[in-house]
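A quick write-up on the structure given underneath.
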Amino acid sequence: MNERDDMNLTPAERQIQDAIRGLGDVRADADFQARLRREFVSGEIAAAEPAVQLPNKAARWSWFAAPLLAAAALALFMLWGGGPDWSVRSVRGDGTIQVAGQPVAAGDTDRIADLIVPGVRIVVPDGVELELALGDVMVLGIIRDSDVTIPAEPVGGDAALVAHVGHGELLVKTGPSFPGETLQLVTAEGLTELVGTTIAINKGDGFTCVCVLEGTARIGKDRDHFDEVSAGSRKVMFADGREPMIVPIEPGHRRDLREFEVRNQDLAR
Amino acid sequence: MDRDPQSPRQEGVTGASVPPGPGSPLTGAQLKRVKARDPDALAALFDHYFGRIYGLAFRMTGDKAAAEDVTQEVFLKVHRAAHQLDAGRDPGPWLMTITANLCKERWRSRSGRQEKQTFSLDATPDAVANVPAVGADPETEVLAGDRARSLEQAIGRLPEAMRLVVVLHDMQGLTHEEISEVTGDAPPAVRKRYSRALMKLREMLQDVLE
């Protein structure tokens, strides 16, 4: 509060102001607050239907119109085109996976499958690898102590199809039913857009490394800094402001991606 | 997303480094972890700003369900845009901007206009804690309660732009300069609108105040 703002109030205005400031606080429903907090912290909120259906605004259709169109197209495909649901393709290793904030044994694939919804946050411990499929649209591999929020169903006028990688490694392979539009993968250091490809996105402490095994991906801290990174290369982006670099994929990364590709090659048929 | 968190209109509100400490905005380190969607940092952000967001939404919509809808939408947008947060700035003005914009869009929608016509704080009598002074006698309590209710209803009848300025200044503690960042108006225009709002409230409450 800046006292200077109120220096020139008349006594009548001051009387009203004092009365307003004497009003009590607004209390939210405790259950609502607790539920929203849980969903926000776990990432479940990303899967929630918007309570407010907002009108489209022309201002939103600026430089990012193309990805929004892509998101809308995929939303239509998923929501009204008889689109598939997410399913558990495989789980390897032992440990406890967190799905929407709920701990589930890696071996309990039925329970994992029950909890997987669009936009859900998944935390996989070291030693466990979880692979999810959205029909033959795409396969996601969440491996090695990773924290990933899978794409939500785009909703509203400003929605986008976006997956988030908090830390760890996410492998992505698009399939034949991928609608030819853009999927965005987001980390603290940058944005990756892909249109049908196989990549790995590795989010470490202070950096993001994106390896492209097949196809081409647009990678940068934002769209103004995109590089087209083609098969066999990786782009590394740093949080400390160092210049990003594009270099050949490390042999170990290439091997992991190739194994992922082979495991899911049926998706391409 | 309503607005890029790093756009110039968010700058200059509280541009200094965010100080640590109880009751203060989140630290820069916490905000960096919010960007990475660290659960503890998200929880801290929620705990610090939920009341302000819900309070603004409730005062602006006058309806508990609408306020819950708007609040949920705000946190959805924040979650989606967390990676774009500027860890060097207080996210408060950005959050207030999102909330205010969602309320505005709600008014502009058909359903919002219908809700506006039925604006009533009576629908949620427990939502606002109008607590009279401790030790007040029953008659004083009743009078204080009536007066507070009248004032709440008068604020609810203010034109939206005036109501927003009053709520942000007197209930959310924003300066006119900060409000100008939220509304996009120049600070003198905000100051003038605030003054007009106070006088309009005084007209509406003439009988109650005398």
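The listed protein sequences correspond, in order, to chains A and B.
Throughout the first sequence, residue numbering follows the numbering used here, covering 1 to 269 in sequence.
Throughout the second sequence, residue numbering follows the numbering used here, covering 1001 to 1210 in sequence.
Using N, Cα and C, we set each Cβ at its ideal position, and we do this for glycine too.
This structure is a prediction, so every number in the text was calculated from the model and none was measured.
Given S42(A), which residues of its chain have a CB within under 7 Å of its CB, disregarding the five upstream and five downstream residues? A100, G101, R121
When you compare each of L1164(B), H1176(B), F1050(B), T1027(B) to A30(A) by their alpha carbons, which one comes out closest? F1050(B)
Return yes when the Cβ of M237(A) is within less than 7 Å of the Cβ of P244(A), no when it is not. yes
Tell me whether the beta-carbon of G119(A) lies closer than 7 Å to the beta-carbon of A152(A). yes
Using the beta-carbon of each residue, which ones in chain B are nearer than 8 Å to R37(A)? A1043, F1046, D1047, F1050
At a Cβ threshold of 7 Å, is G206(A) touching chain B? no
Under 7 Å, do G278(A) and T174(A) count as touching if we go by C-beta distance? The requested residue 278(A) does not occur in the structure, where chain A is confined to residues 1 to 269.
One question on the structure: do V139(A) and A133(A) come within less than 7 Å of each other, judged by their Cβ atoms? yes
Below-7 Å beta-carbon distance, T1099(B) vs any chain A residue: no
I'd like to confirm the pairing. Which residues does DSSP put opposite Q184(A) in its beta bridges? V162(A), E193(A)
Short of 9 Å Cβ to Cβ, which residues in the stretch 1061-1088 of chain B face chain A? K1064, A1065, A1066, A1067, E1068, D1069, V1070, T1071, Q1072, E1073, F1075, L1076, K1077, V1078, H1079, R1080, A1082, H1083, Q1084
Going by the DSSP bridge assignment, what does Q98(A) pair with across the sheet? P103(A), V123(A)
9 Å Cβ cut-off: residues of chain A touching M1199(B): T10, A12, E13, I16
Residue range of the alpha helix (DSSP H) that includes T1027(B): Run containing T1027(B): none; DSSP gives neither H nor E here.
Following the continuous alpha helix (DSSP H) through S233(A), name the residue where it begins and the one where it ends. From DSSP, S233(A) is part of no alpha helix (DSSP H) but of the beta strand (DSSP E) over 233-238.
Check each candidate in D1207(B), E1203(B), V1208(B) and name the one with the smallest Cα separation from E272(A). With chain A running from 1 to 269 in the structure shown, residue 272(A) is simply not present.
What residue range is occupied by the uninterrupted alpha helix (DSSP H) comprising M1162(B)? 1160-1166
Just the chain B side, please: which residues come within less than 9 Å of I201(A) by C-beta, in chain order? Those do not exist, as I201(A) stays about 13 Å from chain B at its closest Cβ, beyond 9 Å.
C-alpha distance - L130(A) paired with T1071(B), whole-angstrom precision: 33 Å
Other residues of its chain near F260(A): CB distance less than 6 Å, five sequence neighbours each side excluded: G141, L171
Taking the straight line between their C-alpha atoms, what separation do you get for T1061(B) and H1083(B)? 29 Å
Local conformation of M138(A) per DSSP, three classes: strand
If you follow the beta strand (DSSP E) that I20(A) is part of, which residue opens it and which one closes it? No beta strand (DSSP E) holds I20(A); the alpha helix (DSSP H) holding it covers 11-21.
By DSSP, does S177(A) sit in helix, in strand, or in coil? coil
Between the CA atoms of E1068(B) and F32(A) - distance to the nearest angstrom: 8 Å
In terms of DSSP beta bridges, what is N306(A) paired with? A query on residue 306(A) cannot be resolved here, the shown segment of chain A reaching from 1 to 269 and no further.
Bridge partners of M305(A), per DSSP? Outside the shown range of chain A, which is 1 to 269, sits residue 305(A), and nothing can be said about it.
Anyone know if the C-beta pair for I1155(B) and T1099(B) falls short of 7 Å? no
So, under 8 Å CB-CB, E169(A) and N202(A) are touching, yes? Tell me the CB distance rounded to an integer number of Å. 5 Å
If we ignore side chains and look at the alpha-carbon of each, how far apart do I45(A) and V1078(B) end up? 10 Å
S87(A) - partner residues in DSSP beta bridges: A133(A)
Inter-residue Cα distance where the pair is T1175(B) and G166(A): 35 Å
What residues from chain B crowd round Q33(A), counting only those whose CB sits closer than 8 Å? F1050, Y1054
Amino acids of chain B, ordered along the chain, whose beta-carbon sits closer than 7 Å to that of R92(A): The contacting residues do not exist; R92(A) stays about 25 Å from chain B at best.
Using the C-alpha atoms, what's the distance from V186(A) back to I116(A)? 20 Å
Would you kindly report the start and end of the unbroken alpha helix (DSSP H) that includes R218(A)? No alpha helix (DSSP H) holds R218(A); the beta strand (DSSP E) holding it covers 216-220.
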